[in-house]
Structure formats: structure tokens, C-alpha cells
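**Q** Quick one: structure below, then a few questions.
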Amino acid sequence: MLIETEWDHAPYSDATINIGDIKADVRWRIMDKTIDTQNRDTGTFKALAEKDKRARVEVTLTGDALSEICPMYFQELTELNFTRLQARYFDFVLPTVSGKVVHKTRWRQAVAVARDRQRIAKFRKTGGIGLKAMDDAVTETQKIIRKQSLPDMHNRGLKLPAKKRIAMGVSQTFVAYEDLNERVLTALRSLGERVRKGFLK
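Numbering of the sequence shown is given in the numbering used here, commencing with residue 149 and proceeding in unit increments.
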């Protein structure tokens, strides 16, 4: 199911996605903001202009996740380095594809093109999280196949080709979304400054 794309469904416009178990120490809430000042009782809201539409990401920390990074007392928030939250909870990435890479044989080229199309379809419907799960499942399947093939290959005096990396990051099929990550860092620095100024008032 992780590798297939037929059963995937992209979130609806103005949807909210919750990631993580309700009792987990870390939970994400991702909102597609197309409206504002909504009043569910009266059914009123303000439709946002195209330039004002945005995504909103909330992270809820409890238990050990909270105690690891946050101070014990409220007054100690002035000492918290909010930018530490970026790498751990707001680390945005972009997927990579083989693109115009030229392969030695036509069948390898055909496989690469088909693989790219499948990964793009997965990303469009499930985003980076679904694509990462798909890539992990494919990698695990390939490991099993390679392991099962090794004895026969050795008996034939052959070697399996080394697996090529697509990107050079920690996760080989993704690269850092540097522009967005830098914006998050700027926002977290600003948050830290506002917190410190608030305690000085």
C-alpha cells in the first residue's frame, strides 16, 4: 500500500491534517488556510485573496519531547533558543527525481522514467510524508531482493552494481528546502525576541 498510488487521495482545499497519535509526545497539525475569521455557529467567514492563502503548521509537544527542549518554569522561556525547534520539528525538504540523467541502457532509462512518474504521483497526493514512506518501502524491498540474489550472483562470478544515490542528503531522495527553512528560522528568532521583550515589560 505504501508503494501503490491508486488508493491515495490528496487533501481537500481548506483541509486540516493531523500527524501523530493523539497521545504521542509530538503531534503536527497542518492547515490549508483559504479562509479566515470563521464562525461555525453563524456560518460566516472571510475568504482569503489568492496572495493571502497559506499553509499553517502547528506542533504540539508534551511529555519527554517537551521536557527535552523547553525550560521547567515559565519565566525561563527567555533563555529558550527557539531556533532549535527548526531542525527537529520544522525541517522542510523537497523531493528529487532522476530527471535528465542518462542511463547506460534503454531498459534502465525506461525504469527510471516510470519510477519518477510514480514518485511524482505519490508526492502530489500525499506530500513529502507519503513519498518518504514509499521510498523507505521500496528501499527495504530492494534490500531483501539484493540479499536473496547475492548467493546466485556469487556462484556465477557476478557482482551486483552499487546502488546510486539520487541526492546527497541524509535522506537520499530528498534535499533541503533551504528557502522555506530559512524563513522558519527567521520566524523563530523573531518569536524568541518577542518572548524576551514581553518579559521585560
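Ideal placement from N, C-alpha and C gives every residue a C-beta, glycine not left out.
Can you name, in chain order, every residue of its own chain whose Cβ lies under 7 Å from the Cβ of glycine 317, other than the five neighbours on each side?
**A** Along the sequence shown, read from residue 1 onward, the residue named residue 317 stands at position 169. With a pLDDT of only 49 at glycine 317, under the threshold of 50, the placement of this residue in the model should not be trusted, and no figure is reported.
**Q** What span of residues does the beta strand (DSSP E) with methionine 179 cover, start to end?
**A** Residue numbering aside, residue 179 sits at position 31 when the sequence shown is read from its first letter. Run containing methionine 179: 174 to 181, per the beta strand (DSSP E) assignment.
**Q** Confirm, please, whether the CB-CB distance from isoleucine 183 to methionine 282 is below 9 Å.
**A** The residue you call residue 282 lines up with position 134 of the sequence shown. The residue you call residue 183 lines up with position 35 of the sequence shown. No, Cβ-Cβ distance for methionine 282 and isoleucine 183 is not below 9 Å.
**Q** Along the chain, where does the beta strand (DSSP E) that runs through proline 243 open and close?
**A** Locating residue 243 in the sequence shown gives position 95, counting from the first residue. It spans 241 to 243 - the beta strand (DSSP E) in which proline 243 sits, taken as one unbroken run.
**Q** Okay, do the region 163 to 171 and the region 184 to 201 touch, 3+ Cβ pairs below 8 Å being the bar?
**A** Because the criterion of three Cβ pairs below 8 Å is not met, the region 163 to 171 and the region 184 to 201 do not touch.
**Q** Can you give me the C-alpha to C-alpha distance between alanine 315 and glutamate 341, rounded to a whole angstrom?
**A** As a first step, residue 315 must be located in the sequence shown, where it is residue number 167. As a first step, residue 341 must be located in the sequence shown, where it is residue number 193. For alanine 315, the predicted model reports a pLDDT of 49, less than 50, meaning its position is unreliable; a value from the coordinates is still stated below. When rounded, the distance between both Cα atoms is 36 Å.
**Q** By the 10 Å Cβ neighbour count, where 16 or more other Cβ atoms means buried, how is leucine 306 classified, buried or exposed?
**A** The residue labelled residue 306 in the question sits at position 158 within the sequence shown. Label assigned to leucine 306: exposed.
**Q** Buried or exposed: which applies to leucine 279, given that a residue is buried once 16 or more other Cβ atoms fall within 10 Å of its Cβ?
**A** For this step, residue 279 is matched to residue 131 along the sequence shown. Looking at its Cβ environment, which holds 16 or more other Cβ atoms inside 10 Å, leucine 279 is buried.
**Q** Look up aspartate 361 in the DSSP assignment and say whether it is helix, strand or coil.
**A** The structure shown does not extend to residue 361, since the chain is modelled only from 149 through 349, so no value can be given for it.
**Q** When you compare each of Lys181, Glu206, Thr185, Asn187 to lysine 199 by their alpha carbons, which one comes out closest?
**A** The residue labelled residue 199 in the question sits at position 51 within the sequence shown. Of the listed residues, the one whose Cα sits closest to lysine 199 is Lys181.
**Q** Tell me where the beta strand (DSSP E) around leucine 225 begins and ends.
**A** Taking the first residue of the sequence shown as 1, we reach residue 225 at position 77. No beta strand (DSSP E) holds leucine 225; DSSP gives it neither H nor E.
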